[in-house]
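The structure appears right after this line, and notes come after that.
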Amino acid sequence: MTFQHQANFNSIEQNLLQVRAWAEKNGEPDDAIYELNKIPARLGLTDHDLVSLSADQVYFEKNIAPAPYGAVSRAKDLEAARRRGNSRVRNLLKRFHEAQSESPAVYGRDDWDRLISFVSDREGFLERGATFATGKSRCLTSLRARARVSPRDITQSEIDLIMAEATSEKRKSIRKAISFLNRLIEDFPADPEITGLLPSKFFDMPKGSDRARSIAWDSLPEDLRASSERIMNAAVAGPRELVELARTRIKNGEDPETVMAELNETASTSRKAPGNPDAAKSGYRTAITWLLRAAEDIGHDTSSFLDLEDLYDREIIEAACQQQIDRSKSSDELKDPAQSQSLGKRLTDLRTLARHGMKRGDLVALIDLAGRFNADNVIKPGKITSDSADAVCRLIQSSPHLAANFVNAPNTISYAAEQKIRKAREENNKDHEAQGLRLYATAVAFAVQVSRPVRTSNIIRLRHRIAGNIPGNLDWLAKGKHARLTFKEKEVKNAKVITVHLEGDEARILWKWLTEHRARYLELKKLEDTAYIIPGAATPRLQKREVNLPRGCVAPSTMAEIWDEGARIIGIDLTPHEARHSVATLILALEPGNFAKVASVLGDHEDTVRKHYGRDSGEAAAREVRAALKKRHPEMFRKMKGGK
1048 MTFQHQANFN
1058 SIEQNLLQVR
1068 AWAEKNGEPD
1078 DAIYELNKIP
1088 ARLGLTDHDL
1098 VSLSADQVYF
1108 EKNIAPAPYG
1118 AVSRAKDLEA
1128 ARRRGNSRVR
1138 NLLKRFHEAQ
1148 SESPAVYGRD
1158 DWDRLISFVS
1168 DREGFLERGA
1178 TFATGKSRCL
1188 TSLRARARVS
1198 PRDITQSEID
1208 LIMAEATSEK
1218 RKSIRKAISF
1228 LNRLIEDFPA
1238 DPEITGLLPS
1248 KFFDMPKGSD
1258 RARSIAWDSL
1268 PEDLRASSER
1278 IMNAAVAGPR
1288 ELVELARTRI
1298 KNGEDPETVM
1308 AELNETASTS
1318 RKAPGNPDAA
1328 KSGYRTAITW
1338 LLRAAEDIGH
1348 DTSSFLDLED
1358 LYDREIIEAA
1368 CQQQIDRSKS
1378 SDELKDPAQS
1388 QSLGKRLTDL
1398 RTLARHGMKR
1408 GDLVALIDLA
1418 GRFNADNVIK
1428 PGKITSDSAD
1438 AVCRLIQSSP
1448 HLAANFVNAP
1458 NTISYAAEQK
1468 IRKAREENNK
1478 DHEAQGLRLY
1488 ATAVAFAVQV
1498 SRPVRTSNII
1508 RLRHRIAGNI
1518 PGNLDWLAKG
1528 KHARLTFKEK
1538 EVKNAKVITV
1548 HLEGDEARIL
1558 WKWLTEHRAR
1568 YLELKKLEDT
1578 AYIIPGAATP
1588 RLQKREVNLP
1598 RGCVAPSTMA
1608 EIWDEGARII
1618 GIDLTPHEAR
1628 HSVATLILAL
1638 EPGNFAKVAS
1648 VLGDHEDTVR
1658 KHYGRDSGEA
1668 AAREVRAALK
1678 KRHPEMFRKM
1688 KGGK
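Shown next as structure tokens:
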């Protein structure tokens, strides 16, 4: 993981080293100082880097609080340990800033407690006459924990600040709290029990992102949109489409000789049409609106653009590039521009449109120049992937117990989920039961990734039965004991057949999900039953030409949330895709130099581990490695720790 704080710590006004010195001098609790000292390791830094980390509370919430805890703790419940550690540091920072300002904040906690009690006393079953649904008061606790003033004194600027400080995982609950507070203001303005507790004005929902404003494709001028669609169609056209396009042009009166000459020239190039034209067009649309937004920002009348070629203007392109870089540099939420592929992706898409859609060499040169002028921030995809892989591999190599956490993740997460489900059912709390069931779905995703890691899109589209005319991925070779998942060429990025075997605990987890938990999850979430193993309400994005899967899967954002829940439990900050790097590291730890096996398991080319991957199907290799990891890791870890 790369953080923007690594760039230039000399500009930080107050840093965590100063906080530690103040805490030690003033007799702050040892456990708070202990948690402060853990922060560099949580971020993959050294102890000396404490001076480079800002003491700003917003910075803490966005960059430090979400960091995983596995590298600094072997607690049984890593997520609870992380929250406890964050709380100690958070309170320490509050006391530090209060001491610096010499004017401690008035939190008004007693007033918040009274307001929360007012709501909780009226909770229950709505159909039985309760004013509020059970658990409604809990959403106010998120505001109480973050507010610096009493509820009656809270302002829009305070609300905006709370949202700005919150992590992405907390913003949803804060939005619910703001909506509920507005309801209280509207429905109980004169209730004697809470007189003087409520704000006098309603609150606007604050913006939660530093990203650029979006521009809807349908809002583009009609002529510009038509021009863009025509050019995009030409850019993604394959041989058949090009022939049909030539036929149409001749039919419309264009010179046959000229059309045939262009067709022959195109056919003579080695360029391969995109395998997923919808995905390509999605990128092209984003690049076009990226230019249009920049044009609008520097004073152009966007209604005057009638053709896509009009947007290929040096001033507009330079403005778009600079805005992209400035946005990233000024935001704690966005990646550093030197670590983001966004600018390179935009320019690549614009270049493709110029070369293959418009066949304009001069516009290609214009885009190439923009890339040269901003070379430090035009990052090739492989560079970021390599950095990400290095970070995950270093973490596992330096903290061997995290390798065990990853290998045993399905069991660990499913156990936590079962505990949550059991407790929720005892308390008749359906919301918590749904959360526990979703956590069990996380265990299913991890069961796939530790068996043989696939891409995130394959997990999202994983099906246990036929969908339309497209077969499912799942076969049970032994019910509850051995499952085989097969992904055909049309469903895999590099057009290879990938087969995953789930055996033992992983197969048991998948079986229990499908036969017991999944139906209850559908019921509680009010979802239709679909072919997808992890159901939802979304439609698979960016499908290949030959694949047309129906709606009913989880959205990528939901899958990210589901996966993150599990990652926090095992204390490793990795994405489903980065699980591939973890497996590669573990294989090489057990069998140094066996790059062929890594290649075979990951289903790519041996060259990407050394620079290319193996050629067999990988089924037997993946199963062998999985069994070896489970069997050999405990002994390996004891030796690494100096045991016998």
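Every position in the sequence shown, counted from 1, becomes a number in the numbering used here once 1047 is added.
Glycine included, C-beta positions come from ideal geometry on N, C-alpha and C.
Check: In angstroms, rounded to a whole number, what distance separates the CA positions of Leu1397 and Asp1576?; Outcome: 41 Å
Check: Considering only their Cβ atoms, is the gap separating Val1454 from Ile1556 smaller than 9 Å?; Outcome: no
Check: Could you name the residues that DSSP lists as bridge partners for Val1547?; Outcome: Leu1532
Check: For Ile1616 and Arg1156, I'd like the C-alpha separation in whole angstroms.; Outcome: 31 Å
Check: How many Å lie between Lys1109 and Glu1608 at the Cα?; Outcome: 16 Å
Check: Relative to the C-alpha of Lys1328, which candidate in Leu1394, Ala1259, Leu1400 and Glu1365 has its C-alpha closest?; Outcome: Leu1400
Check: By the three-class DSSP mapping on this structure, what secondary structure does Gly1171 have?; Outcome: strand
Check: For the alpha helix (DSSP H) that Gly1418 lies in, which residues bound it at each end?; Outcome: Gly1408 to Phe1420
Check: Using three-state DSSP, classify Ile1517 as helix, strand or coil.; Outcome: strand
Check: With contact counted as at least three CB pairs below 8 Å, one residue from each stretch, are the region 1548 to 1555 and the region 1494 to 1502 in contact?; Outcome: yes
Check: Pick helix, strand or coil for Ala1669, following the three-state DSSP scheme.; Outcome: Its pLDDT being 47, under 50, Ala1669 is placed unreliably in this model, and the value from its coordinates should be taken loosely. In the structure shown, Ala1669 sits in a helix (DSSP, three-state: H, G or I).
Check: Who are the Cβ neighbours of Lys1217 in its own chain at under 7 Å, not counting the five residues just before and after it?; Outcome: Ser1189
Check: Measure the alpha-carbon distance for Gln1370 versus Asn1311 and round it to whole angstroms.; Outcome: 40 Å
Check: Asn1062 by DSSP, collapsed to three states: which one?; Outcome: strand
Check: Is it right to say His1680 is buried, meaning 16 or more other beta carbons lie within 10 angstroms of its own, or is it exposed?; Outcome: Only weak support is given to the placement of His1680: the predicted model assigns it a pLDDT of 48, under 50, and the value that follows is read from those uncertain coordinates. So His1680 counts as buried.
Check: Going by C-alpha to C-alpha distance, which of Glu1570, Ala1102, Glu1473 and Asp1168 sits closest to Phe1143?; Outcome: Ala1102
Check: Between Leu1596 and the rest of its own chain, which residues show a CB-CB distance below 7 Å, the 5 nearest in sequence each way excluded?; Outcome: Arg1508, Ala1514, Ile1517, Pro1587 and Gln1590
Check: What residues in its chain sit with their C-beta under 7 Å from that of Pro1087, if we drop five residues either side in the sequence?; Outcome: Thr1093, Asp1094, Asp1096 and Leu1097
Check: Just reading off the beta strand (DSSP E) that Pro1582 is part of, what are its end residues?; Outcome: Pro1582 to Ala1585
Check: Look at the alpha carbon of Asp1415 and the alpha carbon of Ser1275, and state the distance between them as a whole number of angstroms.; Outcome: 20 Å
Check: On a CA-only basis, which of Val1544, Asn1133 and Arg1260 is nearest Asn1520? Give me that one, please.; Outcome: Val1544
Check: Express the C-alpha separation of Arg1340 and Ser1387 in angstroms, rounding to a whole number.; Outcome: 20 Å
Check: If you draw a straight line from the C-alpha of Arg1129 to the C-alpha of Met1279, how long is it?; Outcome: 48 Å
Check: Along the alpha helix (DSSP H) that carries Gln1079, what are the first and last residues, could you check?; Outcome: It is Ala, not Gln, that sits at residue 1079 in the sequence shown. Where Ala1079 is concerned, the enclosing alpha helix (DSSP H) stretches over Asp1077 to Arg1089.
Check: Could you tell me which residues DSSP pairs with Cys1368 in its beta bridges?; Outcome: BP columns for Cys1368 are empty, so no partner.
Check: Here's the rule I'm using: 16 or more other beta-carbon atoms within 10 Å means buried, otherwise exposed. How should Phe1352 be labelled?; Outcome: buried
Check: I need the DSSP call for Phe1250, collapsed to helix, strand or coil.; Outcome: coil
Check: Can you tell me whether Glu1126 is helix, strand or coil according to DSSP?; Outcome: helix
Check: Quick one: Cα of Glu1480 to Cα of Arg1185, how far?; Outcome: 16 Å
Check: With a threshold of 7 Å on Cβ separation, who are the neighbours of Ser1350 within its own chain once the five nearest residues in sequence on each side are excluded?; Outcome: Pro1268
Check: Using CA coordinates, which residue listed in Tyr1487, Trp1523 and Arg1567 is at the minimum distance from Asp1611?; Outcome: Tyr1487
Check: Could you tell me the boundaries of the alpha helix (DSSP H) in which Lys1526 lies?; Outcome: Element bounds for Lys1526: n/a, residue is neither H nor E.
Check: Roughly how many angstroms lie between the CA atoms of Pro1076 and Gln1065, to the nearest whole one?; Outcome: 16 Å
Check: Which same chain residues, not among the five before or five after Ala1320, have their C-beta less than 7 Å away from its C-beta?; Outcome: Val1283, Ala1284 and Gly1285
Check: Since Tyr1579 sits in a beta bridge, which residues does DSSP pair it with?; Outcome: Arg1510
Check: Give me the Cβ distance between Leu1449 and Ala1118, rounded to the nearest whole Å; I'm assuming they're in contact under 8 Å.; Outcome: 7 Å
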